[in-house]
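Enquirer: Residue numbers (the numbering used here), protein chains in the order written: chain F, 1 to 121; chain Y, 122 to 625; chain B, 626 to 1329.
Note that beta-carbon positions come from the ideal geometry of N, C-alpha and C, so glycine has one too.
Remember, it's a predicted structure, so these values are computed and weren't measured experimentally.
I have a structure I would like to understand better, so I am pasting it below and will then ask my questions one at a time.
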Amino acid sequence: MNELVNSWGLNPAIPVGLNAYLLVAAILFVLGLIACMARRNAIGILIGVELIINAAIINFMAFWRFGGSQTDGSGALVGPLFGVFLILLAACEAAVALAILLSLYFNFGTIEVDSIHQMER
Amino acid sequence: MDKMLLTLITFLPLAGMVAVLLAPGKAHNLIRGIAVVTSGVVFALTCWLWWVFDPTALASHGYDARTWIEIPWINSFHVYYRFGVDGLSTLLIVMTGFLSFLATFVGFSVKKQVKGFYALYMLLMTGMFGVFMALDFFLFYVFWELMLLPMYFLIGIWGGPRKEYAAIKFFIYTLLGSVLILLVMIAYYFQVAADPKTADFAFNIPWLVANQPFHGASPAFKHLLFWGLFIGFAIKVPIFPFHTWLPDAHVEAPTAISVILAGVLLKMGGYGILRFNYPLLPEVGSTDWVMWFLAVLGVVNIIYGAFCALGQTDFKRLVAYSSVSHMGYVLLGVAVLKEEGVNGAIFQMFAHGLSSAMMFMLVGVLYDRAHHREIARFGGIATQMPVYFGLAVVGFFASLGLPAMVGFIGEISVFLGAFKYSMPLTAFATLGMLLTAGYILWTMQRVYMGNPKPQYAEFPDANKWELISLVPLAATCILFGVLPALAMNIYLPSTQLFLKMFAQ
Amino acid sequence: MNDQLVLNLACVIFLLPLACFALMAVFHERIPRHGDWLATTALGVTLACAIAIFVHAAMTGRNLLVNVTFDWLPLGMTNMLKGGILVDRLTAVMLVVVTLVSFLVHLFSVGYMAGDVRYGRYYCGLLLFTTSMLGLVLANNLIYLYIFWELVGLSSYLLIGHWFEKKSASDAAIKAFITTRLGDVGMFIGLMICYWKVGSLQYADLFAAVQNGVLSGQGFAGYDWQTLAGLGIFFGAMGKSAQFPLHVWLPDAMEGPTPVSALIHAATMVAAGVYLTGRLLPFFSPPTLIFIAYIGGITAIFAATIALVQDDIKKVLAYSTVSQLGYMIMALGVGGYVSGLFHLTTHAMFKACLFLGSGAVIHAMHHEQSMSQYGGLRHKMPWTATFYIMATLALCGVPPFAGFWSKDLILGDTLAFTMQHGHWFLVVAGFGTAFLTAFYMTRQVFLTFFGAPRNEHKFEHAHEVAWQMLLPLVILGTLSLVGGLGGWFEKYNPKLDGITQIKAIAEAGYQSPLVATAVAAAHQVAAAAHEGAEGAGEHNPVVAQAHHTAMVLSIVLAFAGIGLGVLMYRERKNGKALLNPDALARAFRPVYVLLWNKYFFDEIYNAVFVETTHIAARVCAVFDRLVIDSVVNFAGLMGKVGAFVVDMLDRLVVDGLMVNGSARAAGFMGNELSYAQTGRVRQYLLLMVLGILALSGVVLVLIK
């Protein structure tokens, strides 16, 4: 139990471990997921998606920090690179998504996703 | 030149067809002119063949050496372009030339799509001549089928009210026969081609006849081949019970085509039987029960056809059934395998070619005016059309078998031969003479005699084109009845060669 | 005059009418008067040629003048049917008879047929007939005889049906052709037997074959081939000569123009059967001869009884002809070669005269043929009446008219034959017929020429006929008077090769399984024939006695018949006859009805043969269409059904289930699953998450 707690980084004597990062990422991920599932507002969903991406970035960085960097140097900067890539991706995604949302708003007068169900039979 | 003669006769009509096709479709008289000239030249060539052909100097294979032609055609299958004539085919070729020339004039009454009509007609001529000349089994088969196709269209397009039914019936029936012939041909091919030494003769009719490749085969198999060929040809003759296509086809076909159909096409059945069926399988043909069976079948044809003719109400149908009856003599004459019988059968083919062609023309003349063929609705035509009636007397009595006309010679020769074979059967068959007289005279009475009817009062007598086609036929009907030796001498040696195969 | 000239003359006799026929058949419309003068002149020349041959034959002592044979129909490399020309004394007589009657009929027709619709065609028919008949007589073989035999049938058909607008005329023409052709079929079978057994149809070869016994082999039903062939050939003669039971056509043939009846149906064509029987007499075996005699006897008396009651003037003459032909046939059957053919000759003269005379009467009475409308015509037509009565006396057998000589010979031969071997029926028939003939001819003469006119209107317009019609009557009437004088015929035909042959056969012990008496009969036939040929049996007392008896009896019977006729039909002052024929008819009503209806032969034949043939024909036609054609159509239908089944299989199983089925299944699935497509992204996400959780759960459980 202690080890577990310790791995969460609550014990200052022990350096913060991988589990702590993963825990944070998992919390973020679940929050994002819930946001996606629960929110009706498209902006909320978009925020949820951003959270999920961030959770992924954290995971990349953590795994890179705790084992991804190999001694032979082959894994150098893989994690940060992915992180940067994902941030870029998130930015792009946000831009595109906002543009779609804007278009939706013009067409339907709302961005409540449940009101937009033209594909439904 | 003699070498090219047969080829010329066969393929000149094809050139005529091309010429007809090139002519403008509206120029009916030009097209008719081309057809007349082509068939006239072909007829002249056939007469030349008659002149050139020397029945007493046949080559060792039994055919005329001067006109014999043999060129490889499809080497891989040993197919040759092989043409030759003997007495039998010469007679039939001349008859075909004569009839197709006269029928060209009869065709003048065709008014729709003249171009197509004569184009197909020319193609038909090529097929007919090819059949009588080809001595390569494969080539024969090609011509046999070639002739079918134009006939189908000629009946199916220019025919009467039920033309589609008649054309299809004719086509399918004849095709059924051809398939049987094809099977036998294939059987011969595999038998002969299996041996590399003889492979080159696989379709060579004179060789097959001389060497009898199935000589050692089991009787059952030989019977199979024989009956396959026989049914194939019997359909064409036609022999009871395969005759029902004939009344329909004859009745629906336009007059010119009926003339060709009765005059020439029926002879192909008889020709096939004489050229292929018996010579290829002489053992089967001279089997006792086969002779009996076929002779009886011939008599059935004679009597049954005559009865059917007597019972008809349609003029053309009646004439068609008379053909069934008359072709029975051919089968009877061949089946008994006596010299008189076979000679008579050949003459009967010739005679029937002339007399039935004339009868169909006579019916056609009437049909062109009255537009119906119900015997009961006619009457008194003799008063309206005396010249036509005079020719009708000649035509009908030639068909009746009156002496001094062609029908008689064939009949008596066949009977004299058949009598040597079986007296009771022949005595019974003579009943056919009586029935024939019955239906012919009764028909003449109902159609031509009696008081003239007002609705036929304005009928013109036979016009010049009708006379051009009828008078030569009437003249030949009498000429060959008075001097039968003119026609008979040409094929007597060939018949003798034919009968040598059956000498036990 | 040598034999080459005779041959040339014979050729002229045959070819001149033929050429004339060919010319007129094509051009009769364009020749002036439709060529009647051409035909008549040609026949006149022919007659002159025939008389030249006749006289020549009488002057040379020989019987056979010309016998030329040539190839005609090759039936094989070695078999040949030969044609040929034969001129002997019998031929010479026949040539004269045919050309004479034909010439006179041509002449007569100029008047009788004047203004006819088909005048030219009528002469064509006459010429065709004459040509064929001359060919028939000139033939030296059975096949040529058969050919011309049929051709005279054709011309008879055409001429009977000359007025074919009348249904009765065309019916009669058909009946004549078919009935005689029925006989011809029998004849043809006889020919086939001859050809089969002998290999030739020349008369000479046939006689030689009989002598050599070539035909004596067992044939059918216990008869030998000679008998069968003879019966077959005689069947043809029965048809042509209208013998019982094939006699039915001849009375109907009177539908034709009367000159035609005179030429064809009285004088020449119907006599062809007699000619044939006489020509082939040596060929017939004894059973055949007995058969021939009986047929002749039956026909003679049978037809005479019918003639008693007929009303139509031509019908009476027609039945009289049948009866007289029966006479001739009977005479030949008992071996009376000379008597039979002699009667043929004389009969041709007086019967042609009678027919032409009746034609003159009919012409004068505006085509009225019923004797009940005549009466008293001798006042209007004295010449016609005179010669008609002369011919009648000849037919009745009153001496010294022509008929007496020949009829007496026949009766004598018959009596001689019967006295020696029974068969009494023949004698009864012979003498009975002589009596009946005299009676009905007297009746006819009295009804026509004597008494009071029964149709005043027509009587008033009656007139004597023109010279073209009278001249033939004069000539023929005169010949009826002198044509038989002294029985010249038997001196003209003294030696007959065939007859001696019969005798030879009989003496060789000819065996026949049929009739026990046949052999004996053959001897006697031969003897009688021989005696007849030698001239009235000088040597055989029985025969001589028979001839004397017959002569007396026949004269007595002739006068008895005439007397009875006078009693019944000569009207006295009160307009009544001594015996009332109507009362007699009433008294024997059933017999009268039977005779009036000609023993109902037409009705019976119609029901038995004509109707059954038509029914059979209809059955065949229906059978052909309903059964045979149905089989074909059924086969076609079966093909269609098979095609339909395969088509269904193709459409339902291959195409429906497999190809379209999979497509449709996909469509169906898509359709159904589309309900899951709500379009709510959050729902998808939720389901995805739940799915992942479920899968994770499964994975965890499985790993554990």
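(1) When the distance is taken between beta carbons, is B:A1185 closer than 8 Å to B:M1193?
(2) To the nearest whole angstrom, what separates the beta carbons of B:T893 and B:V680, a pair I think is in contact under 8 Å?
(3) Evaluate F:C36 with the Cβ neighbour count: other Cβ atoms within 10 Å of its Cβ, from every protein chain shown; 16 or more gives buried, anything less gives exposed.
(4) For a contact meaning CB atoms closer than 8 Å, what does Y:N610 contact in chain B?
(5) Can you have a look at Y:Q566 and say buried or exposed, based on whether 16 or more other CB atoms are within 10 angstroms of its CB?
(6) For Y:F261, tell me which candidate among Y:P575, Y:V163 and Y:P327 has the shortest Cα-Cα distance.
(7) So that I know if they touch, is there some Cβ in chain F lying closer than 8 Å to that of B:R1307?
(8) Can you tell me whether B:S1137 is buried or exposed, with buried defined as 16 or more other CB within 10 angstroms of its CB?
(9) How big is the Cα-Cα spacing for Y:I424 and B:A862?
(10) Verify the CB distance criterion: does B:L1310 have a CB-CB separation below 8 Å to chain F?
(11) Tell me F:V89's beta-bridge partners as DSSP assigns them.
(12) Do we get a CB-CB distance below 8 Å when we pair B:T1238 with the residues of chain Y?
(13) From Y:L304, Y:A338, Y:C429 and Y:L346, pick the residue whose C-alpha is nearest to that of Y:P362; which is it?
(14) Can you list the residues of chain F that B:V1314 reaches, using a CB-CB cut of under 8 Å?
(15) Rounded to whole angstroms, what's the CA-CA distance from B:L1020 to B:H968? Just pull it up for me.
(16) Put B:A1146 into one of helix, strand or coil per three-state DSSP.
(17) Roughly how many whole angstroms lie between the Cα atoms of Y:F518 and Y:F499?
(18) Tell me, please, whether the CB atom of F:V113 is closer than 8 Å to any CB atom in chain A?
(19) Bridge partners of B:Q827, per DSSP?
(20) Could you tell me which residues DSSP pairs with B:M705 in its beta bridges?
(21) Could you tell me the alpha carbon to alpha carbon distance between Y:R490 and Y:F238, rounded to whole angstroms?
(22) Does chain Y have any CB closer than 8 Å to the CB of B:E775?
(23) Helix, strand or coil: which one does DSSP assign to B:L711?
(24) With 16 as the cutoff for other CB atoms within 10 Å, does B:G1322 come out buried or exposed?
(25) Does the separation of the CB atoms of B:Y769 and B:G778 fall below 8 Å?
(26) If F:A90 sits next to F:I53, beta carbons under 8 Å apart, how far is it from one beta carbon to the other, in whole angstroms?
(27) For Y:P327, report the span of its alpha helix (DSSP H) as first-last.
(28) Does the beta carbon of F:Y105 sit closer than 8 Å to a beta carbon anywhere in chain B?
(29) Would you tell me roughly how many angstroms separate the C-alpha atoms of B:L776 and B:I938, rounded to the nearest one?
(30) Between the stretch 214-221 of chain Y and the stretch 151-167 of chain Y, are three or more C-beta pairs nearer than 8 Å?
(31) Is the distance from the Cβ of B:F845 to the Cβ of B:T756 below 8 Å?
(32) Have a look at B:E1228, B:V762 and B:I656 and flag the residue whose alpha-carbon is nearest the alpha-carbon of B:V899.
(33) For a minimum of 4 consecutive residues, which ranges assigned as the alpha helix (DSSP H) are wholly contained in the stretch 402-486 of chain Y?
(34) Compare the Cα-Cα distances from B:T1009 to each of B:V1099, B:G709, B:A973 and B:L1209 and report the closest residue.
(35) Taking the continuous alpha helix (DSSP H) assigned at B:F1248, which residues delimit it?
(36) Using the three-state DSSP reduction, which class does B:W1221 fall into: helix, strand or coil?
Expert: Looking at the atomic coordinates:
(1) no
(2) With a Cβ gap of about 21 Å, B:T893 and B:V680 do not count as contacting.
(3) buried
(4) Here the neighbours are P699.
(5) buried
(6) Y:P327
(7) yes
(8) With a pLDDT of only 31 at B:S1137, under the threshold of 50, the placement of this residue in the model should not be trusted; the figure read from the coordinates follows. Result: buried.
(9) 25 Å
(10) yes
(11) Contrary to the premise, residue 89 of chain F reads as Leu rather than Val in this sequence. DSSP output for F:L89 lists no bridge partner at all.
(12) yes
(13) Of the listed residues, the one whose Cα sits closest to Y:P362 is Y:C429.
(14) L33 and M37
(15) If I take the Cα positions, the gap works out to 10 Å.
(16) Annotation note: pLDDT 43 at B:A1146 (below 50); position unreliable, coordinate value reported separately. In the structure shown, B:A1146 sits in a helix (DSSP, three-state: H, G or I).
(17) 19 Å
(18) Checking the listed chains, one finds no chain A in this structure; the protein chains it contains are F, Y and B.
(19) B:N766
(20) Paired residue(s): B:P699.
(21) 21 Å
(22) yes
(23) strand
(24) Looking at its Cβ environment, which holds fewer than 16 other Cβ atoms inside 10 Å, B:G1322 is exposed.
(25) With contacts defined by Cβ atoms closer than 8 Å, B:Y769 and B:G778 do not form a contacting pair.
(26) Sure, about 5 Å apart at Cβ, within 8 Å.
(27) It spans I326 to N332 - the alpha helix (DSSP H) in which Y:P327 sits, taken as one unbroken run.
(28) No, because no Cβ of chain B sits closer than 8 Å to the Cβ of F:Y105.
(29) Roughly 28 Å between the two C-alpha positions.
(30) Touching, yes.
(31) At a Cβ-Cβ threshold of 8 Å, B:F845 and B:T756 do not count as neighbours.
(32) B:V762
(33) 403-406, 409-431 and 436-456
(34) B:V1099
(35) Unbroken alpha helix (DSSP H) run through B:F1248: E1236 to F1248.
(36) helix
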